[in-house]
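Contents: one structure, followed by commentary.
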Amino acid sequence: MNKVTVIGMGMMGASFALALKRAGLGQTVTGVDMQPAVLDAAVQRGIIDNATIHIDSGIREADIVVLATPVSAVVKLLSVLADLEFAGLIIDLGSTKQTICEAARNLPGLKFIGCHPMAGSEMAGLGGAKADLFDNAPVIITPPPGADEKLVDRVIGVWRRLGCRVTLMDPGEHDFSVAIISHLPYLTAVATMHAAAELAREKPDIFTLIAGGFRDTTRVSEGDPVMWRDICLTNHVHILRAIAQLRRTLDEMEQALAARDGNRLQAIFQSAQNRRKTYIPKKK
């Protein structure tokens, strides 16, 4: 893998470029972005070697192209790469896979392997980029049916060199899984932030009192709104199901509280505690 082009110099794309360099992968890394100022900053920080706002020149000699943009842009970029007859390997870093993988299947000339590194930060943009972002992070790879095994192995090898734990999964199974463990927590953080802000109208200085619990619970609500818009719209079926389940649990707690049913409340809390210990054991 001599020449790599990363399209999208946000937090994920820039972190991928940094991780490549740290791992000794990619002799030359080219960054493509619509914002020249972002590209200039990426070059100055040593994140990329070359920069351009033009996709055609950016991919001209690339062995691999990495799509590090919001999901809707990934779908459009796949069509652009097909029109440009790009013959190299393409991977993406998108948080939903069904829509992206279906788009790629409709463009049979592309050598595309879907990827989702389960790593990130509420820090959007180039400023949040870190070379160690992917250290020991899970990455889900969603190869298309009948994918070239050598290509899949190549992609697996790259992620392992970056320090990731690799899992292969069907795109639909992936989207259901991340709706529960990633998308629902984000929406819960957004709802908590909105509810608190509305209630705080009665006491504007309330946020001077916050401690770790509120910060931890709402941290991810600082994520990129455009990215999260695309995630929700491309995974709406599974997310709606997750919201419905959350609503049922909230209703159950509300009913127990309204009835002053301490036993029921404690049972709900105890069940949650037990489930967390079961599914997310403490690290030794």
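Quick note: the sequence shown, position 77, residue 93 per the working numbering, numbers continuous. Every residue gets a Cβ at the ideal spot worked out from N, C-alpha and C, and that includes glycine. Everything numeric in this text was worked out from a predicted model, so none of it was measured.
* Length of the line joining the Cα atoms of Q282 and C180 -> Straight across, the Cα-Cα distance linking Q282 with C180 is about 39 Å.
* **Spatial distance of A288 from L41 (CA atoms)** => Just so you know, the alpha carbons of A288 and L41 end up roughly 43 Å apart.
* Of the residues A145, N152, F230, which one's Cα is nearest the Cα of V206? -> Checking every option, the nearest Cα to that of V206 belongs to F230.
* **Beta-carbon proximity of S237 to L149, cut-off 7 Å** => No; because the gap between Cβ atoms is not below 7 Å, this pair is not in contact.
* Asked: Does the segment 53–65 touch the segment 92–106, meaning 3 or more C-beta pairs lie closer than 8 Å?
  -> By the Cβ criterion, the segment 92–106 is not in contact with the segment 53–65, since fewer than three pairs of Cβ atoms, one from each stretch, lie closer than 8 Å.
* Cβ-Cβ distance between A272 and R280 below 7 Å -> Yes, these two residues count as a Cβ contact at 7 Å.
* Under the three-state reduction of DSSP, which class applies to K19: helix, strand or coil? -> Strand at K19.
* Return the CA-CA distance between V59 and A67, expressed in angstroms with no decimal places. => C-alpha separation (whole angstroms): 7 Å.
* Asked: Between which two residues does the alpha helix (DSSP H) carrying D169 extend?
  -> Segment 165–177, the alpha helix (DSSP H) holding D169.
* Asked: Relative to the alpha-carbon of T233, which residue among D246, M209, F223 has its alpha-carbon at the smallest distance?
  -> Distance check between T233 and each of D246, M209, F223 places M209 closest, using alpha-carbon atoms only.
* Asked: Rounded to the nearest angstrom, how far is the Cβ of V20 from that of A78, given a contact under 8 Å?
  -> About 6 Å separates the two Cβ atoms, so the contact holds.
* Measure the CB-CB distance between G47 and M17 and report whether it falls below 7 Å. => Not a contact, by the Cβ cut-off of 7 Å.
* Asked: How far does the beta strand (DSSP E) with H254 in it reach, from first residue to last?
  -> No beta strand (DSSP E) holds H254; the alpha helix (DSSP H) holding it covers 252–274.
* **Own chain, CB closer than 8 Å to R121, minus 5 neighbours either side, in chain order** => Cβ contact annotation for R121 (same chain, cutoff 8 Å, sequence separation greater than five): P160, in chain order.
* Contact check, L100 vs I75 under 8 Å by CB: the rounded distance? -> Rounded, the Cβ-Cβ distance is 7 Å, consistent with contact.
* **Range of the contiguous alpha helix (DSSP H) that encloses C117** => Per DSSP, C117 belongs to the alpha helix (DSSP H) from 114–121.
* Asked: Thinking C-alpha only, which one of I156, P201, E214, Y202 is nearest P302?
  -> Nothing can be reported for residue 302, as the shown portion of the chain is limited to 17 through 300.
* Looking at C-alpha atoms only, which residue of F285, D221, W244, L126 is the closest neighbour of T85? -> When the alpha-carbon of T85 is set against those of F285, D221, W244, L126, the nearest one is in W244.
* Could you name each continuous beta strand (DSSP E) segment of 3 residues or more that falls completely within the segment 87–113, going from the start of the chain to the end? => Entirely contained in the segment 87–113, the beta strand (DSSP E) runs reaching 3 residues are, in chain order, 105–108.
* Helix, strand or coil: how does DSSP classify R76 here? -> Residue state, collapsed to three classes: coil.
* Pairwise C-alpha distance: S111 and E268 -> Approximately 31 Å between the Cα atoms of the pair.
* Below 8 Å on the Cβ atoms is my guess for K146 versus H132; work out the distance and round it to an integer in Å. => At roughly 18 Å, the Cβ-Cβ gap does not stay under 8 Å, so K146 and H132 are not in contact.
* Asked: Residue range of the alpha helix (DSSP H) that F32 falls in?
  -> Counting along the chain, F32 sits inside the alpha helix (DSSP H) bounded by residues 27–39.
* **Same chain, Cβ closer than 7 Å to D246, neighbours up to 5 away in sequence not counted** => The residues are P86, V87, S88.
* By the 10 Å Cβ neighbour count, where 16 or more other Cβ atoms means buried, how is V81 classified, buried or exposed? -> That one is buried.
* With DSSP run on the structure shown, which of helix, strand or coil describes N290? -> In the structure shown, N290 falls within a helical segment according to DSSP collapsed to helix, strand and coil.
* Using only the heavy atoms of the ligand PLP, determine whether one of them is closer than 6 Å to the beta carbon of T204. => Looking at this structure, you won't find the ligand PLP or any other ligand, since it has none at all.
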